[in-house]
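In this note's numbering, the protein residues as written are 4 to 125.
See structure below.
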């Protein structure tokens, strides 16, 4: 597994960390200071806003986990990948597709998220 794929796995794992201090430490480790996460529902700039976004998603979908939906496709400073959100070992409730832009030192600068399958109530 290459470094970009490992970074993507860490990124997705961060969405599953419910301990606030542990989650923030991982965000600080893998995201650039002025990072941005944007999808159809949120536009979060900076680590504080990204942390708050992850916490809000965890509140909205308690007990569900993010998993990688397939291989990470990457070149230069860009990676694309699908992810699933659902019960551990169960069928995904939400499926998405992200494109991550990385910094020269291998951190996440920007994630552009797309939602492919969402529950009707979302």
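The beta-carbon is built from N, C-alpha and C at its ideal position, and this holds for glycine as well.
These numbers were taken from a predicted model, which means no experiment stands behind them.
Looking at the strands, I want to know which residues DSSP matches up with residue i.
i, result
"residue 104", "81, 113"
"residue 47", "40"
"residue 76", "83"
"residue 120", "98"
Report the three-state DSSP secondary structure of residue i (helix, strand or coil).
i, result
"residue 35", "strand"
"residue 96", "coil"
"residue 22", "coil"
Could you spell out the range, first to last residue, of the beta strand (DSSP E) harbouring residue i?
i, result
"residue 70", "68–71"
Can you name, in chain order, every residue of its own chain whose Cβ lies under 7 Å from the Cβ of residue i, other than the five neighbours on each side?
i, result
"residue 67", "88, 89, 90, 96"
"residue 19", "68, 69"
"residue 35", "106, 110, 111, 112"
In its own chain, which residues sit with a C-beta less than 6 Å from the C-beta of residue i, not counting the 5 before and 5 after it?
i, result
"residue 113", "39, 104"
"residue 98", "87, 119, 120"
What are the start and end residues of the alpha helix (DSSP H) that includes residue i?
i, result
"residue 12", "6–17"
Using a Cβ-Cβ cutoff of less than 8 Å, which residues in the same chain neighbour residue i once the five nearest sequence positions on both sides are dropped?
i, result
"residue 163", "With the chain covering only 4 through 125, there is no way to say anything about residue 163."
"residue 83", "75, 76, 77, 100, 101, 102, 103"
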